[in-house]
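Following: one structure in structure tokens, then a few remarks.
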Amino acid sequence: MILIAPYTTDAPVYHLPIVTGGLVATNIVIFCLTTLQVALGNIEVESIEWLILQFDTINPLQWISCAFMHADLMHLLGNMLFLWAFGLVVEGKIGNLPFLALYLLMALVGGIIVQLPMFILGNEGGALGATGVIFSLLVIAMLWAPENEMDCFWLVGFRMGTFEVRIISLASAFLMMQLVFLAIGGFSMSSEMLHLIGVAVGLPIGLLMLRQDWVDCEGWDVVSRNAWLQEYNLFCSDKQRIAKSRQKSEHADPIAAALGKRPTPVAMNTAVASSPATAKAEPKAPQPAPKPSVNPLLARLRTKSNAPVVATEPPKPQDHPEFNRLVHLLRQAVDSSSAIIAQQHFLKLEQLKLSNGLSDTLLAAYAKLLASKKMYIEAIRPLTIMAIHGGVQSHQARLRIGQIQWTVQKNRQAATTTLRGIVIPPDARNEANQKVITMRDQLLKQISASQ
1 MILIAPYTTD APVYHLPIVT GGLVATNIVI FCLTTLQVAL GNIEVESIEW LILQFDTINP
61 LQWISCAFMH ADLMHLLGNM LFLWAFGLVV EGKIGNLPFL ALYLLMALVG GIIVQLPMFI
121 LGNEGGALGA TGVIFSLLVI AMLWAPENEM DCFWLVGFRM GTFEVRIISL ASAFLMMQLV
181 FLAIGGFSMS SEMLHLIGVA VGLPIGLLML RQDWVDCEGW DVVSRNAWLQ EYNLFCSDKQ
241 RIAKSRQKSE HADPIAAALG KRPTPVAMNT AVASSPATAK AEPKAPQPAP KPSVNPLLAR
301 LRTKSNAPVV ATEPPKPQDH PEFNRLVHLL RQAVDSSSAI IAQQHFLKLE QLKLSNGLSD
361 TLLAAYAKLL ASKKMYIEAI RPLTIMAIHG GVQSHQARLR IGQIQWTVQK NRQAATTTLR
421 GIVIPPDARN EANQKVITMR DQLLKQISAS Q
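Every letter in the sequence shown is one number past the one before it in UniProt numbering, and letter 38, counting from 1, is 38.
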């Protein structure tokens with residue numbers, strides 16, 4: 001016996017898989033009350049046939065009930081493993097009730113697509129099993145989280161083991177198997193045909209939900225990862241295309257985009273480096289800092305009462321209800337060296353404008369993980385936040401940014417300005433800072449010599 005099945009995933013789960021677990025439990029209970037009772041001789045098979053999708057009749061109840069029926073224990077076991085793994089991905093992104101509605105809708109549509117043509121053609125027989133709707137979930141997971149990995153186990157005879165594989169690779173392999181077996185079988189109604197009908201149901205639904213922004217895949221879905229798909233209105237709306245174009249422009253100049261988000265000395269220095277027009281400009285005289293704007297009503301009250309106006313402090317990132325959870329997930333991903341998962345959580349923090357609340361220790365660990373995976377451009381943003389914080393590691397962060405600008409991006413001007421911005425007073429030059437100065441000077445000499 002040969003068996004390969006997924007059992008869990010590293011995809012971010014923002015909703016507990018309550019419905020997925022409930023569906024697994026429901027399938028097991030129904031199996032014990034129906035198929036198992038037939039196998040034990042307690043009931044006749046005719047007493048449960050009304051729950052199976054019959055080809056010689058039209059019964060709307062069977063469109064859904066057939067998805068909860070299974071022929072034997074192995075049929076049930078295999079389906080439940082796949083349902084758990086792919087349900088975890090889909091429910092984790094859209095939530096409990098939307099997932100339940102989606103699951104039942106795909107089961108319903110799949111039942112209709114199978115039963116109506118078979119009845120019209122006058123065929124006999126039936127179909128049962130959750131495999132059709134599971135293949136709908138499989139193709140949706142492939143669309144929404146192609147780069148995430150599935151943990152799978154394999155069983156060959158009495159030997160077994162585990163392995164990890166990307167969702168898009170696993171799904172593609174199973175889809176190819178269905179096509180090959182269907183071609184061998186002559187394209188007749190079979191298990192493979194039912195599986196591909198499930199794919200035909202799930203594919204447009206998954207793409208529609210992406211296009212309508214009904215699901216947030218944080219830029220990791222198959223459309224966001226493939227620019228050529230974004231050219232078609234079928235897959236990407238005009239609104240999404242504009243947003244993705246803006247993200248691309250930021251990625252093309254990540255230093256200016258990252259450091260330009262906050263008006264700090266670090267941002268100003270690097271922004272100057274990224275602009276050729278300002279490269280040869282003479283430094284301007286320092287301008288007085290603009291006065292903070294004051295609400296007119298408060299100004300009148302201040303005039304009357306001579307009381308100072310107290311500015312309201314902006315909310316701290318730590319006060320956001322999602323901050324602690326996302327930081328915990330980011331730290332877990334960093335500790336387990338899962339760069340892609342860590343990046344997903346970090347981008348979510350960025351999206352919520354909470355990344356500035358991350359500690360320098362976690363930011364340094366995250367940047368180090370990205371560098372170990374040769375994701376140098378992606379490491380710029382956490383290093384930038386460290387530089388903005390101005391902590392003990394800020395000079396080291398600026399040094400790393402300069403290294404990336406020079407060695408990876410080949411941007412001599414930006415690297416020079418970033419490195420020259422590392423100014424450490426003589427009284428603050430401890431051993432660590434002295435190493436930074438030495439490396440800074442070495443890099444500046446290399447850059448100067450390359451001209």
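Ideal Cβ placement from N, Cα and C applies to all residues, glycine included.
Query                                                                                                                 : Result
Close-in-space but distant-in-sequence residues of the same chain around P265 (CB under 8 Å, 5 per side omitted)      : In this prediction, P265 scores a pLDDT of 40, lower than 50, which makes its location untrustworthy; no coordinate-derived value is stated.
Cβ pair P12, H320 closer than 9 Å                                                                                     : no
T35 - DSSP class collapsed to helix/strand/coil                                                                       : helix
Y103, DSSP secondary structure in three states                                                                        : helix
Sequence-distant residues of the same chain with beta carbon closer than 8 Å to P17, five excluded per side           : W84, G87, L88, E91 and G92
C-alpha gap between L182 and V156, whole angstroms                                                                    : 24 Å
Boundaries (first-last residue) of the beta strand (DSSP E) holding W154                                              : E149 to V156
From K348, I341, I94 and M439, residue whose alpha carbon lies closest to that of L137                                : I94
Boundaries of the alpha helix (DSSP H) in which L354 is found, first to last residue                                  : First-last for L354: undefined, no H or E at that position.
CA nearest to the CA of F235, picked from W63, A243 and S224                                                          : S224
C-alpha distance - W214 paired with Y103, whole-angstrom precision                                                    : 15 Å
CB-CB length for Q405 against A414, believed under 8 Å                                                                : 5 Å
Status (buried if at least 16 other CB within 10 Å, exposed otherwise) for R400                                       : buried
Counted within 10 angstroms of its Cβ, other Cβ atoms place A449 as buried (16 or more) or exposed                    : exposed
Contact between the region 371-380 and the region 49-58 (3+ Cβ pairs under 8 Å)                                       : no
Span of the alpha helix (DSSP H) around R159                                                                          : Run containing R159: none in the alpha helix (DSSP H); it sits in the beta strand (DSSP E), R159 to R166.
For G126, three-class secondary structure by DSSP                                                                     : strand
Same chain, Cβ closer than 6 Å to T34, five either side skipped, listed in chain order                                : I48
Cα-Cα separation, G126 to I140                                                                                        : 26 Å
8 Å CB neighbourhood of L207 in its chain, flanking five on each side removed                                         : L143, V223, L234 and F235
Collapsed DSSP secondary structure at Y232 in the structure displayed                                                 : coil
Inter-stretch contact at 8 Å, needing at least 3 Cβ pairs: the region 381-390 / the region 351-364                    : yes
Endpoints, alpha helix (DSSP H) assigned at L81                                                                       : L73 to I94
Rounded Cβ spacing between C217 and A145 (contact assumed at less than 8 Å)                                           : 7 Å
Local conformation of P98 per DSSP, three classes                                                                     : helix
Nearest-angstrom beta carbon gap, L354 and A342 [assumed within contact, 8 Å]                                         : At roughly 15 Å, the Cβ-Cβ gap does not stay under 8 Å, so A342 and L354 are not in contact.
Integer Cβ distance of F68 from A130, believed to fall under 8 Å                                                      : 7 Å
A428, enclosing beta strand (DSSP E) - first and last residue                                                         : That residue, A428, is in no beta strand (DSSP E); it is neither H nor E in DSSP.
Terminal residues of the beta strand (DSSP E) in which Y7 lies                                                        : I2 to T9
Beta-carbon proximity check, V109 vs V199, cutoff 9 Å                                                                 : no
Entirely enclosed alpha helix (DSSP H) segments - the region 362-389, minimum 4 residues                              : 376-389
Pair within 9 Å by beta-carbon distance, T9 and M150                                                                  : yes
Of the listed residues F99, A432, M209 and Y376, nearest to K410 (C-alpha basis)                                      : Y376
Residues of its chain near Q115, where Cβ-Cβ distance is below 6 Å and the 5 sequence neighbours each way are ignored : L53
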